[in-house]
Structures are given as C-alpha cells and as structure tokens.
Ligand SMILES: [Fe+2]
Ligand SMILES: [Fe+2]
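Numbering (my numbering), first residue to last: 256 to 636.
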C-alpha cells in the first residue's frame, strides 16, 4: 500500500478522487468507477480499515479515507437539498435579507405561519442560514482534506411556486406535493418503543401521511380562504419538524462509521444543531390550530387537548425509551440511530415524502450513488 504522502494525488487505496475531478453529475467520476469495481458493502475496503484508524491523529492536512469522504459527501448532499427547500420557505414565509437573500415574502402565508409562533419568520430564516453554512462548510472541509465537494446545481430544474414573493428559479426540491410522515411525534413520546427495535408508530396528523399536500402556496389562489392557507402553513409547520428530526437521527447514525477524529468532530458538531431545529419545530407544530381545509378536506387534530400521552402537544422533551436491548433500562435518546443503510434510508424517506417529485432519473442516480458510497463505509469495532 502506498503512503498517503507519496504523491499529492494519491490516496491510501487510490479511490478518493482528486479535487476538481468531477463528472457531469457533480459526483466524482473516479468514485463511481471505484464503486463499480468494489460493488457490495465493504468489499475492497478490508486493508484500508487499519490504515484509516492510524490516520486518526494525523494533522488535518492529510487526505480523508474513502469511507469518511463518502459519508461527508452524502451529508453535504443532504444539506444542499435542505438548503434548497428551506430557501423556498424563506422566500415566502421567512425574512429576506442579506444573510438569506431571495424572494420578497408572501404576507398572507407569513401571517398564517405566525399563528404557530410570532417568531416563525425569524426561525425559518435562521434554519435556512444554518443549512447553507452546513453544506458550504462540509464542501470546503472535504476539499481541504483532499476529497471532492458535492455540486447538485445541474439538477435544479424543478419549478418555483408561482405565488407572489417567490423567486422564479430552478429548484432541486418540490414543496408543493408533500406526503408528511408525522410518526416522529408519537415516536418521541413513547416510553415503550424504539424504531431500531422494530417498532412502528402512529401518525400525529394522519391526513398528512397520505395524499399530496402543498407546504407553500403554489399560486396566489392558495392564499384564500383563510382555513386553506392555514392548512398550508400547518403542513409546513409539521414538515419542518419531520425534516429536522431526520437530520437529528442522520448525524449520530453516520458518526458511528466515521474514523478520522477531526471528521468525527465535524459530524458531532453539526448533528446536534439539527436537534435544536427539531426541538424548536416540534414545539411550534404543537401550536398548529385544529382545522379542516375546506378545499382538500385535510384535517389537523387538536393535539393540545389530546388525552393520549403519545399525542399530547406539550410533551416536547424526548420521553425515555428502550435502547439497544429491551433488558436495559429506558433512556431519553435520539431515535433511530441504526447506522446500517442509513444514507439510502434517508434517500427513500425524502423520496417517499414527495420532496423530489418531478426530478430526473440522473438526479436519483447521483443521489443514490452518493448514498451507496456512504453506506459502504465500514463500521467501527
Ligand atoms: Fe443541516
Ligand atoms: Fe436541518
């Protein structure tokens, strides 16, 4: 095996592409080739595992291992996608300023969001800014450690909302046909169940988990009647938390397979900010007024007054739950955190949500390839 310092372009196993070596999809061509050869989880990585642990205390100038680079690249892609849709929310319902430019706001949609909390526009702005910094940092960090950054710009082809206030630009994500899984609500309120132990969970808003629902006004026609735009704002309120609880699980799940100490520090430092977002959004989602959308029949139940512990709005702290083995005492934890197949699981989760409705075959191929490479990174221990 070559040493990492032998040549500026050489990686330990020769599979981490040199910076700038990008394919047309923005994903490293060499990484695609390498995966094609080493198909299957862990194949071809055996000798690399030992060398990677030896890298842990090397200065940050050393090249990232193939597995660590793949994990960080998948995270960068996820953050780019988050930024894309948070940007759409901010244009219509956030604060458009020099920190998060673009759009000019929809006063009616913004007012409906403010029913959940008067500071919603500020929170939307700040969450958008956070995601922007997440992907920008991850990409810069990847390049600083000799790995490829991720660029999905060529896939920004989906239409913008036609409502007044939105920019008319190509998007990566679609917020106008969402199916929102709200089972995190009961998952974090259950004392007895954990998805990592095979348990399943009831929806907080069953109507959102089926059909297609806009989370932003599609045109100005969506701005009335009042209960219709409120249902759209309520949908957004639950979607915010659905997304951020996903991020809250994603980071600890991938962290278990990051080997380089500094790369692990990056993952462990970004991840909890997703939990801060989630915590805020689940509190606000609980303020979504009970109503029935007169246009679609979508129903939002009164969670504030629910007598069911697993639905009660004010139980926003994670209830202790079983973890690892049911024989151990229950503990307040993030769940799920199973590391196996997590990246592809996230791709499926976002796809089933309808976030990529209308996206090209090339987009799904590029995203799945990034996920496959991340999931192929060998676990510790
Ligand atoms: Fe993020
Ligand atoms: Fe996030």
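Even for Gly, the Cβ is constructed at its ideal location relative to N, Cα and C. A quick note: this is a predicted structure, and the numbers were derived from the prediction, not measured.
Three-state secondary structure assigned by DSSP to residue 426: strand
Assigned secondary structure, residue 586 (DSSP; H/G/I helix, E/B strand, else coil): strand
Classification of residue 461 by the beta-carbon crowding that lies within 10 angstroms, buried from 16 upward: exposed
Where residue 509 falls, given that 16 or more other Cβ within 10 Å makes a residue buried: buried
Residue from 394, 386, 329 and 484 whose Cα sits closest to the Cα of residue 528: 386
Distance between residue 326 and residue 630 (C-alpha atoms, nearest Å): 8 Å
Close-in-space but distant-in-sequence residues of the same chain around residue 417 (CB under 6 Å, 5 per side omitted): 474
Beta-carbon spacing of residue 577, residue 449 below 7 Å: yes
Exposure label - residue 465; buried when at least 16 CB within 10 Å: exposed
7 Å Cβ shell around residue 275 - same chain, five flanking residues per side excluded: Here the model assigns residue 275 a pLDDT of 38, short of 50, so the residue's position is not dependable, and the following value carries that caveat. Contacts found: none.
Other residues of its chain near residue 401: CB distance less than 6 Å, five sequence neighbours each side excluded: 318
Of the residues 622, 364, 395 and 521, the one placed nearest residue 470, counting alpha carbons only: 364
Helix, strand or coil at residue 578 according to DSSP, with G and I counted as helix: strand
Local Cβ density within 10 Å of residue 558, reported as buried at 16 or more and exposed below that: buried
Neighbouring residues (CB closer than 7 Å to any heavy atom of ligand 1): 334, 337, 385, 386, 389, 502, 525, 528 and 529
Inter-residue CB distance, residue 641 and residue 592 (contact presumed, cutoff 8 Å): Because the chain spans 256 through 636 in this model, residue 641 falls outside it and cannot be assessed.
Heavy atom of ligand 2 within 6 Å of residue 380 beta-carbon: no
Residue 487 versus residue 468 - alpha carbon distance: 8 Å
Stretch-stretch touch, CB-based, cutoff 8 Å, three pairs: the region 344–358 with the region 372–382: yes
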